[in-house]
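Chains A and B are the protein sequences, given in the same order.
Residues in the first sequence are numbered consecutively from -5, following our numbering.
Residues in the second sequence are numbered consecutively from 9, following our numbering.
Where is the CB? At the ideal position from N, CA and C, for every residue including glycine.
The structure under discussion appears below in the form of structure tokens.
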Amino acid sequence: MRKLRQLWTLAALTAAETLRQPVCLLLTMSCVVLTILVPLTTAHNFGEEGRLARDSGLAFHLMFGLFLGGYAACAALTRERESGTAAAVLSKPVDRSVFFAAKFLGITGVVLVFSTSATLATLLAQRVALKYASDTGHLLDGLTAGLAMGSPVIACGVGAWANFRHRRAFQSTAMATLPLLLAVVAVGCGCFTRAGGWAPYHPQLQWQIVPASLLVAMGLAMLGAIALTLAVRLSLVPTVSTCFVILLLGLASDYVFGQSAGHAPLANLLYALTPNWQHFWVADAIAGGGVVSGTYMLRCALYAFLYTSGILCLGIVAFQHAEVS
Amino acid sequence: MSDPVICTTALTKVFKDFWGRTRVPALTALDLKVHPGEVFGLLGPNGSGKSTTMKLLLGLLRPTKGRVSIMGRSPQHTATRNRIGYLPEEAQLYQYLTATETLHFYGRLFGLNRTDIESRTSQLIDMVGLTHAAQRPVGEFSRGMARRIGLAQALINDPDLLILDEPTAGLDPVGCRQIKDLLGALAKRGKTVVLSSHLLADVQDVCDRITLLHNGRSIAAGTLDGLLKHSEKLQFTVETHTPEQVEAIKIAIRECCGEDPSVDVPTIALETFFVNAIANATGAADTPPSGVSQKTALAPFLGEP
Ligand SMILES: Nc1ncnc2c1ncn2[C@@H]1O[C@H](COP(=O)(O)OP(=O)(O)OP(=O)(O)O)[C@@H](O)[C@H]1O
Ligand SMILES: [Mg+2]
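What follows is the structure, given as structure tokens:
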């Protein structure tokens, strides 16, 4: 009971401290803006209306998320160790395992906030993208695009206002407001046709993007765990660089190890150990109206859960023996 | 004698680099015993291993060799730390939390209930004189103010053992005096205190026993009285005197002891002067304070039996 309370207290503090990092806001805003910008600037569709918008939205979600998760994870641990707050907390009756787990929960919370924004942005971008209808011809959904692009601006405005009136941190308010505004736009745009007129409620959003984004978020949580575990021994820059290498390895693992897996035991082992991000990338599967099945989602969730737990256990063991000063 | 609160045998710490190679031998074969109710001082020049010793006591660092037991347990034992308060060398606080939030946070880590947290927080903030700054983020605090919050955070669990790394560093003389009074009061209640300091006058005022470290080795240890008493010399003090009387006393001493005594007027310690002057000025002030303002000497919950 007491451990749970400690876990919660520490996780909430980690999330709050991470949300205050300007980098987090910058990455989130860039991800959202770029996602919505793609359908506005490119007319090409890859054979399916809105596919480019959707694919690049998911790709931005993954790439920016990896940077955000990796950075947040090692900043959360490294910064605390360097500033000595970790020592101050661990001189209290706090188990090191609780401290470590709380760090993970805290950054996962932040990644979740980011992922929500990125998912909503991708949904909106897909709706904005150029589509053909017999009555309107090729048409961009300008109104939705405007509202979606306005959201980051308004979120910053709200952040500034909260800072002025209530001395709240600008970054965290803006971070928290952004997904709310995007959600309002996503719900609200259902009242309009793509040409901008009133119409009976019809959101015209491609809901298959949601499970695809959820899978990406699972991959991000996995990378957060890896980064956190690395940060036990390494400082910020080596951690981020190593994460990047692991990321590339994981992206290419099917080519590098997958082909020889089955024959060479070493390749088998490496193939099993490297995180396989391809499981979390279903953009190609949903192209042309494919669906992500519930069983697939469950299997991926199980994989992410097991992998994350394993990595976290390693991290906890390493952290038990680490020196904190 | 009762069991020691802290007991180290041949405690050695060597800092290693990433590859496990020796970098700095910070502490060599230290034997310490601190008994309940004692105020124990760790002295030594910069880099002599005082902070390292404290971190070893708290289990933040692992000993390379030797043993540490704290309240009869290993320093890794989490529950023992319920009874310990620690003030780190640097004020290590979360920059964005306000003073109140900081104390609430630590109170929650100790599993205190809400009413306890609230009342202890306000008492401690009052005690360290930061009532008017309670809602400001500690990142904005001056060094001494942060130090005071650090001290409050170390006391929130009403600890039986206080480990204070340079508690008076960065504090104004009034704050120093207050800390010394606080330590005295806590020791009287049977609490044990281990502190390090470079301000020898402070150490002399509060410590019962000291260990002097140099390059990670203990070079002197014992009670202050034992270490400092100059057994040959004597000192007389009188309140009222005339020049004739002084002359007569000098002659008498010369006749008895065969040497001329030295005569001088004692000055009050600068600290006493400062504390009194500030006390007078605080009584007369009509502007609200921007720094610290002293009120209670000891938070009431710390005085409960
Ligand atoms: N994390 C660390 N890594 C490597 N060396 C360290 C570390 N911490 C301390 N040292 C070294 O250990 C020695 C003792 O340091 P320590 O901090 O205990 O000194 P100190 O007595 O507290 O000094 P000060 O009076 O300056 O606070 C120093 O030589 C220091 O450089
Ligand atoms: Mg020190």
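Lys73 of chain B sits exposed, since fewer than 16 C-beta atoms from the chains shown fall within 10 Å of its C-beta. Across the set B:Ser226, B:Ile133, B:Pro33, B:Val273, the C-alpha of B:Val273 shows the shortest separation from the C-alpha of Val254 of chain B. Taking a C-beta cut-off of 8 Å against chain B, the contacting residues of the stretch 81 to 107 of chain A are Ala81, Ala82, Val83, Leu84, Ser85, Lys86, Pro87, Val88, Asp89, listed in chain order. Taken through DSSP and simplified to helix, strand or coil, Thr72 of chain B comes out as coil. Here Lys86 of chain A is buried, its C-beta having at least 16 other C-beta atoms within 10 Å. The C-alpha of Pro33 of chain B lies about 12 Å from the C-alpha of Leu19 of chain B.
Inter-residue distance for Thr289 of chain A and Leu230 of chain A is about 38 Å (C-alpha atoms, whole angstroms). With 7 Å as the limit, the residues whose C-beta approaches a heavy atom of ligand 2 more closely than that are B:Lys58, B:Ser59, B:Glu97, B:Asp173, B:Glu174, B:Ser204, in chain order. Membership of Lys97 of chain A in the alpha helix (DSSP H) is indicated by the continuous run 90 to 122. Put simply, the stretch 115 to 133 of chain B touches the stretch 160 to 174 of chain B. At least three CB pairs are less than 8 Å apart.
Close to Leu310 of chain B, with beta-carbon spacing below 9 Å, lies no residue of chain A; the smallest spacing is near 18 Å. Nearest in C-alpha terms to Arg89 of chain B, of all of B:Pro167, B:Glu109, B:Pro251, is B:Pro167. Leu232 of chain B is positioned such that its CB atom lies closer than 8 Å to that of Asp216 of chain B.
Per the coordinates, the alpha-carbon of Gln272 of chain A lies some 33 Å from the alpha-carbon of Leu133 of chain A.
In the DSSP assignment, Ile257 of chain B falls within the alpha helix (DSSP H) that extends over 251 to 265. Annotated as proximal: Thr16 of chain B and Arg75 of chain B, with beta-carbon spacing under 8 Å.
Identification of residues in the stretch 4 to 17 of chain A having a C-beta nearer than 9 Å to some C-beta of chain B yields Leu4, Leu7, Ala10, Glu11, Arg14, given in sequence order. Contact annotation: Thr200 of chain B and Pro44 of chain B have beta-carbon atoms nearer than 8 Å. Within chain B, no C-beta atom comes less than 8 Å from the C-beta of Glu42 of chain A; the nearest is roughly 46 Å away. Within the stretch 129 to 190 of chain B, complete alpha helix (DSSP H) segments of at least 4 residues are found at 151 to 163, given in chain order. At a cut-off of 8 Å between beta carbons, Gly78 of chain A contacts chain B.
Per DSSP, reduced to three states, the secondary structure at Cys237 of chain A is helical. When C-beta distances to chain B are compared with 8 Å, the residues of the stretch 141 to 164 of chain A below that value are Ala163, in chain order.
Taking a Cβ-Cβ threshold of 8 Å, the residues of chain B close to Arg(-4) of chain A are Gly119, in chain order. With a cutoff of 8 Å on beta-carbon distance, Lys97 of chain A and Thr8 of chain A are scored as near each other.
When DSSP reads this structure, Trp192 of chain A sits in a beta bridge with A:Phe186.
Classified as exposed, Ala193 of chain A has fewer than 16 neighbouring CB atoms from the shown chains inside 10 Å of its CB.
Closest in C-alpha terms to Trp27 of chain B, from the list A:Gly136, A:Thr72, A:Arg227, A:Gln0, comes A:Arg227.
Counting the other Cβ atoms within 10 Å of the Cβ of Cys184 of chain B gives 16 or more, which makes it buried. In the DSSP assignment, Lys24 of chain B falls within the beta strand (DSSP E) that extends over 14 to 24. Listed along chain B, the residues sitting closer than 8 Å to Arg(-1) of chain A by beta-carbon distance are Arg116, Gly119. DSSP places Ala177 of chain A in the helix class (H, G or I) of the three-state scheme.
About 6 Å separates the Cβ atoms of Val104 of chain A and Ala66 of chain A, confirming a contact at the 8 Å cut-off.
Remark: C-beta atoms of Val179 of chain A and Ala142 of chain A approach each other more closely than 8 Å. Out of A:Ala70, A:Ala219, A:Glu43, A:Gln253, the CA that lies nearest to the CA of Phe299 of chain A is found in A:Ala219.
Distances taken from the Cβ of Gly55 of chain B to the heavy atoms of ligand 1 include one shorter than 7 Å.
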